[in-house]
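All remarks here apply to the structure that follows.
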Amino acid sequence: MRKLLTLKHWKNTFAFIYKLLMSKEVAVRDKLLFLIPVIVYWVVPDVLPLIPIDDIAFTMIIAEWFAARMGRKYNIS
1 MRKLLTLKHW
11 KNTFAFIYKL
21 LMSKEVAVRD
31 KLLFLIPVIV
41 YWVVPDVLPL
51 IPIDDIAFTM
61 IIAEWFAARM
71 GRKYNIS
């Protein structure tokens, strides 16, 4: 839990996600599995402000899940 609170962890996570999104090995469908929910969630709170989770918190939760899942699926580290 403590490592989730460090800037170094998030820097590495987002750098890894960038690597995954730019990789030709990762299917477009899998890239969209990350991009579409994040983009939609960044737009929806402006239209529907009753959702109780912050935009950046949602993005960080999805980022952590996406990085772990795609790293295992495509054996990229």
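Heads up: the sequence shown begins at 1 in full-length UniProt numbering, then just goes up one per residue.
Backbone N, C-alpha and C fix where the C-beta goes; we use that ideal spot for every residue, glycine too.
- DSSP places Glu-25 in the coil class of the three-state scheme, outside both helix and strand.
- In the three-state DSSP reduction, Ile-53 falls in the coil class, being neither helix nor strand.
- For Pro-37, same chain residues with a beta-carbon under 7 angstroms away, outside a window of 5 residues either side, are Ile-62 in chain order.
- Asn-12 carries a helical assignment under DSSP once its states are collapsed to helix, strand and coil.
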